[in-house]
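Novice:
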Amino acid sequence: MRIDQQQRTRWVDQSAFQPRRPDLRLGARSHRMDRPGTVSGDRIAVQHTVRTSSAEYSLLLNAPEWLGRRGVGEALRDAVAELRAIDLTYGPARPESLVSRLRRGEISPDSYPPLADLVDRCAAMRAATDGWFDAWAVPGGFDPGGLLGGWAVERAAARLRAAGVHDYAVLTGADLVVRGHAAHGGPWRVAVHHPADRHRAPLVLEMTAGAVGTSGVSGRQGHVVDPHTGEPADQLVAATVVGPDLAVADAYATALFAAGPAGLDWFRNGSDYRALFAHRR
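First residue of the sequence shown: -10, per my numbering; consecutive thereafter.
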């Protein structure tokens, strides 16, 4: 058993995990939420799923009773509105999105503060991964897709916190971000299933703050491109990274998928991020 204080994530020994049901499961193709167990009388537990044009998101809130059902509903609506707005405003597949307009040279990154933040994050991850995550090395120009989903989730989570909800989980595909405690009052118990071997026992995490980002389980062939050659990456079946921020974990997972085992060097020397899976073909 290992304790990581920086990420507030605990890797649980499988024998200790068996009697305890997980709150969340991340699998090869999708996520799954188990039914909540006992809910404390001073909490309001809510589950909600929303689909945008590009992704499906599930939100689990364990809100304080003082917020009231109306307040919880408003917090949920605000977070969902943020997810929908990002899909509409920044989706690279939408011709009139800010990202598409930036690619055509109609606007600059500084035209909108959130767009500037998105571009800055992509530039930072290009530097952190030795160019293996490169939002500019794709056909047509700038495409932040490798971290856009994680960025959207983190912004929606910030809306929840601003509304007074500090215990939540937000999932999309094989990615998630959690904070605080689950409905049973303990840390969120997350079973991360191996992306290629369904018979392998899951890696179990107990988390009070952190994120899990995965690349390579969408079922789309060639969706990650080697930025140095322009060819589809083919060294790994999938890559999974855990750390404090989902946008960063997503970008690291994308870069690791492209770079292969050489990318494991990024997670040494005291990094806040850790590679959970880097499965070779």
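All C-beta atoms, glycine included, are put in the ideal place defined by N, C-alpha and C. Quantities reported herein were computed from a predicted structural model and do not represent experimental measurements.
Could you check what DSSP says for I33 in three-state terms: helix, strand or coil?
Specialist: strand
Novice: Would DSSP call D164 helix, strand or coil?
Specialist: strand
Novice: Which partner residues does W177 have in the DSSP bridge list?
Specialist: M196
Novice: With respect to the beta strand (DSSP E) encompassing T243, which residues constitute its N-terminal and C-terminal limits?
Specialist: Not the beta strand (DSSP E): T243 falls in the alpha helix (DSSP H), residues 235 to 248.
Novice: Which residue marks the beginning of the beta strand (DSSP E) containing V108, and which one marks its end?
Specialist: Run containing V108: none in the beta strand (DSSP E); it sits in the alpha helix (DSSP H), 102 to 117.
Novice: Is the number of C-beta pairs between the stretch 144 to 152 and the stretch 47 to 64 that are closer than 8 Å three or more?
Specialist: yes
Novice: Compare the C-alpha of T41 against each of V35, V69, V167, L65 and name the closest.
Specialist: V69
Novice: According to DSSP, simplified to helix, strand and coil, what is F266?
Specialist: strand
Novice: Ignore the nearest five residues each way along the sequence and tell me which others in Q210's own chain have a CB closer than 6 Å to its CB.
Specialist: Residue placement at Q210 is poorly supported in this model, since its pLDDT is 47, which falls under 50; the coordinates are not used for a value here.
Novice: Put A251 into one of helix, strand or coil per three-state DSSP.
Specialist: helix
Novice: Could you please give me the residues that DSSP links to V214 through a beta bridge?
Specialist: P221
Novice: R110 and W125: beta carbons closer than 9 Å?
Specialist: Between R110 and W125, the C-beta gap is not smaller than 9 Å, which leaves the two residues out of contact.
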